[in-house]
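Residue numbers (the working numbering): 237 to 607. Don't be surprised by glycine CBs; every beta carbon is placed ideally from N, CA and C. Notes follow once the structure below has been shown.
Shown next, in the form of structure tokens:
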């Protein structure tokens with residue numbers, strides 16, 4: 237099933253400082269959509285239009301995610317804005333200009349306005365996630381640091397240092413005390429207490445780590461890297477419990493299932509795999525393989541996601557499409573066009589049947605799917 241996305245017809249570039257959208261920026265108010273509504277085609281969300289295009293980013297978008305309550309979303313990547321830093325004298329002519337990479341918060345409903353811009357990282361932001369209650373955002377960057385942000389004030393609460401190379405991935409625990417895990421090109425996986433600036437545990441990997449997440453109760457970290465394998469680490473014992481083998485190229489994304497029993501992995505071998513990570517599993521832990529999406533020479537870290545009920549999965553793809561699979565049949569349900577560059581990240585809304593995608597073409601698409 238293919239959902240056709242019309243051309244936006246939007247011209248011009250919106251400045252990063254403004255990042256505002258008007259009614260003319262809406263994708264969906266076309267004769268075709270009017271005809272669909274008149275024909276009684278059922279809408280499945282409260283979006284202003286069935287498909288929304290969010291523009292304003294000035295650089296590639298590497299990461300995007302819905303807020304846990306579904307009312308907002310975040311996006312970030314290679315965007316930069318110029319900030320002025322004054323010397324102690326505070327003289328108007330006594331300042332330096334510095335490029336800061338930004339994190340953008342948008343409303344999901346209404347006209348999808350940008351409501352906040354956060355800046356602080358000096359390198360591209362490669363991954364960002366809300367914490368469980370949506371009060372904070374965790375980011376990681378090519379500036380070798382992680383950051384924790386307050387969603388109300390937009391201020392950086394804490395900057396976490398310890399990695400010695402690009403930090404590719406960050407995730408928070410789902411429950412209990414708020415901990416973070418990260419993976420980097422320095423070949424380490426690190427555990428962080430969100431209340432402290434330094435890591436509490438360093439796990440040595442053999443190769444660069446490109447994706448990492450916690451299991452459901454937060455006593456294990458699952459990581460993947462350029463060695464094509466996935467490791468399940470026991471945090472207390474500081475050792476690898478399981479080696480999940482099957483992919484034949486770099487792991488670009490790992491996502492934990494809603495019930496915590498499985499992980500989804502995306503790889504440059506052009507497959508998605510579902511793995512059973514429950515404690516006692518007889519036989520093979522790889523339970524399903526999905527195909528259809530593509531990676532290419534750009535070697536972007538294409539992420540992946542589960543729907544809230546676990547019935548669907550989606551993944552980034554270098555062929556500019558958004559793919560959605562049925563987890564039971566492994567059939568492709570949607571192949572959504574619209575982007576003109578690699579789709580680097582995707583997410584499902586917890587509130588309504590919506591799919592979100594961020595791309596190297598500097599745009600976000602927000603669209604309805606069937607419930």
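Next on the checklist: Taking 8 Å as the threshold (C-beta atoms), are residue 422 and residue 447 in contact?
Outcome noted: Numbered from 1 along the chain shown, position 211 holds the residue referred to as residue 447. Numbered from 1 along the chain shown, position 186 holds the residue referred to as residue 422. The answer is no: Cβ separation not under 8 Å.
Checklist entry - Given a threshold of 16 other Cβ atoms within 10 Å of its Cβ, counted over all protein chains shown, does residue 413 qualify as buried or as exposed? => result The count along the chain shown starts at 1 and reaches residue 413 at position 177. Looking at its Cβ environment, which holds fewer than 16 other Cβ atoms inside 10 Å, residue 413 is exposed.
Checklist entry - If you run the structure through DSSP and keep just helix, strand and coil, what is residue 294? => result If you number the chain shown from 1, residue 294 lands on position 58. Residue 294 falls in the coil class under three-state DSSP.
Item to check | Inter-residue spacing [alpha-carbon to alpha-carbon] between residue 377 and residue 341 | outcome: Position 141 of the chain shown, counted from the first residue, corresponds to residue 377. Position 105 of the chain shown, counted from the first residue, corresponds to residue 341. Going from the Cα of residue 377 to the Cα of residue 341 covers about 17 Å.
Checklist entry - Is any heavy atom in the ligand COA found nearer than 7 Å to the beta carbon of residue 419? => result Among the components of this structure there are no ligands whatsoever, and the ligand COA is therefore not found.
Next on the checklist: Nearest by alpha-carbon distance to residue 411: which of 468, 367, 586, 298 is it?
Outcome noted: Numbered from its first residue, the chain shown carries residue 411 at position 175. Among 468, 367, 586, 298, the Cα nearest to that of residue 411 belongs to 367.
Checklist entry - DSSP beta-bridge partners for residue 408? => result If you number the chain shown from 1, residue 408 lands on position 172. BP columns for residue 408 point to 416.
Item to check | Residue(s) in a DSSP beta bridge with residue 299 | outcome: Numbered from 1 along the chain shown, position 63 holds the residue referred to as residue 299. The partner list for residue 299 (beta bridge, DSSP) reads 312.
Checklist entry - Given 8 Å as the limit, is there contact between the segment 540-549 and the segment 512-521, that is, 3 or more CB pairs closer than that? => result no
Checklist entry - What residue ranges within the segment 483-520 form continuous beta strand (DSSP E) runs of no fewer than 3 residues, ordered along the chain? => result 487-492, 498-503, 507-512
Next on the checklist: Just to confirm the assignment, what range does the beta strand (DSSP E) spanning residue 394 have?
Outcome noted: Along the chain shown, one-based indexing puts residue 394 at 158. Looking at the DSSP string, the run of the beta strand (DSSP E) that includes residue 394 is 392-397.
Checklist entry - How would you call residue 533, buried or exposed, if buried means at least 16 neighbouring beta carbons within 10 angstroms? => result Within the chain shown, numbered from 1, the residue matching residue 533 stands at position 297. Result: exposed.
Checklist entry - For residue 474 versus residue 439, is the C-beta spacing smaller than 8 Å? => result Here the question's residue 474 lines up with position 238 in the chain shown. Here the question's residue 439 lines up with position 203 in the chain shown. The answer is yes: Cβ separation under 8 Å.
Checklist entry - Can you tell me whether residue 477 is buried or exposed, with buried defined as 16 or more other CB within 10 angstroms of its CB? => result Along the chain shown, one-based indexing puts residue 477 at 241. Exposed.
Next on the checklist: Quick check for students: name the residue ranges of the beta strand (DSSP E) that lie wholly in the segment 544-571, counting only runs of 3 or more.
Outcome noted: 548-551, 558-562
Item to check | Beta bridge counterpart(s) of residue 466 as assigned by DSSP | outcome: Walking along the chain shown from the start, residue 466 turns up at place 230. Answer is 460, 480, bridged to residue 466.
Next on the checklist: Less than 8 Å between the beta carbons of residue 356 and residue 392, yes or no?
Outcome noted: Counting from 1 along the chain shown, the entry for residue 356 is found at position 120. Counting from 1 along the chain shown, the entry for residue 392 is found at position 156. Yes. Within cutoff.
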